[in-house]
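Each residue of the sequence shown is one higher than the one before, counting from 1148 in this note's numbering. First the structure, in the form of structure tokens, and then the observations on it.
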Amino acid sequence: MLRHSSAINGYAIEASDGDIGAVSDFLFDDATWLVRWVVVDTGNWLSGRKVLLPPSVLGRLYANNRVLAIKLTKQQVKDSPEIDTDRPVSRQMETSVYDYYGWSPYWGSGFYMGGYGYMPGSGMASPYLGARRREQEIANAHADSDDVHLRSVEAVTGYHIHARDGEIGHVEDFLVDDADWSIHYLVVDTKNWWPGKKILVSTRSAGEIDWRDKLVNLDVDRQRIKDSPAYDPSKTIDRAYDERLLTYYGIKFVAA
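The following block contains the structure:
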């Protein structure tokens, strides 16, 4: 199911033996638009320390209670390597977390690909095929690279959106699939260009992100965006809507 990242922010994180804190941010790969880490603020439990959790340890999301279950104990989380999330997360930092839990990192070549493949016996479902293909491509490209392209959802919120022929608005939110934790859409507020309308833009239409000028560049023109279906946040983005919108933008729909 697609969910607003802003809505998940603040969800309580529940280990197998109790609460450990709350979701405070997501770190995603700017080339694949896959969430690599959930940033958890442990509050008073670990004196304000933040920890990183990969999507592979995430369990069921309980929207009514605003709870996200994880497949770890409190002690496992407590003993995990300390990460300074106020600094860019390096490959070395990520490696230390993977080594602690005994996992294969997502840039490796094993079965486990950052939470979007599966580990035999783990009970995880087969992943969203489109995300898995993009995952494999980026894993191959980055196998020997130290550039992990990790970006913060909190930081990118508010970035300006540029179509091929000019600005259209700014990033207001992200729509994340809670099955494989891939970011499918950017929610764009167009009020400075086209008052009163919010739209969805597929991350597969997103090109280069300019971090210095805080811009997300799109590979579509403004008229195409203007003629796109209006976005109603009160309605669920189901498979049929997803397929229609992607088809409108000339993007092949890949079913799970």
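Each residue gets a CB set at the ideal place from its N, CA and C atoms; glycine is no exception.
On the three-state DSSP scale, how would you describe residue i?
i     : result
V1214 : strand
I1167 : strand
Y1395 : helix
D1379 : coil
D1123 : For residue 1123 there is no data in the structure shown, the boundaries of the chain being 1148 and 1403.
E1355 : strand
K1361 : coil
D1389 : helix
Can residue i and residue j be called in contact, C-beta distance under 9 angstroms?
i     : j     : result
V1135 : T1189 : The first residue shown for the chain is 1148 and the last is 1403, placing residue 1135 beyond what the model contains.
I1160 : A1154 : no
D1312 : D1368 : yes
H1151 : P1380 : yes
E1300 : L1174 : The sequence as given places Val at residue 1300; Glu does not occur at that position. Yes, the Cβ-Cβ distance between V1300 and L1174 is below 9 angstroms.
L1215 : V1185 : yes
I1346 : I1372 : yes
R1238 : W1254 : yes
R1298 : D1176 : yes
Assign residue i to buried or exposed, taking buried as 16 or more other Cβ atoms, counted over all protein chains shown, within 10 Å of its Cβ.
i     : result
R1359 : exposed
S1203 : buried
Y1378 : buried
D1389 : buried
S1329 : buried
T1337 : buried
S1349 : buried
T1394 : exposed
Between which two residues does the alpha helix (DSSP H) containing residue i stretch?
i     : result
D1188 : Segment V1182 to D1188 is the beta strand (DSSP E) holding D1188; no alpha helix (DSSP H) there.
V1303 : V1300 to V1303
I1155 : S1152 to I1155
R1207 : Unbroken run through R1207 is the beta strand (DSSP E), L1205 to Y1209; no alpha helix (DSSP H).
I1230 : That residue, I1230, is in no alpha helix (DSSP H); it is neither H nor E in DSSP.
I1372 : R1369 to K1373
Hey, quick one: how far does the beta strand (DSSP E) through residue i stretch, first residue to last?
i     : result
K1338 : Element bounds for K1338: n/a, residue is neither H nor E.
I1346 : K1345 to S1349
I1120 : Outside the shown range of the chain, which is 1148 to 1403, sits residue 1120, and nothing can be said about it.
Give me the Cβ distance between residue i and residue j, rounded to the nearest whole Å; I'm assuming they're in contact under 8 angstroms.
i     : j     : result
H1331 : H1317 : 19 angstroms between Cβ atoms; not a contact.
W1192 : I1167 : 6 angstroms
L1322 : L1149 : 5 angstroms
Beta-carbon of residue i versus every beta-carbon of chain D: anything under 9 angstroms?
i     : result
N1191 : Among the chains in the structure shown there is no chain D, since it carries only a single protein chain.
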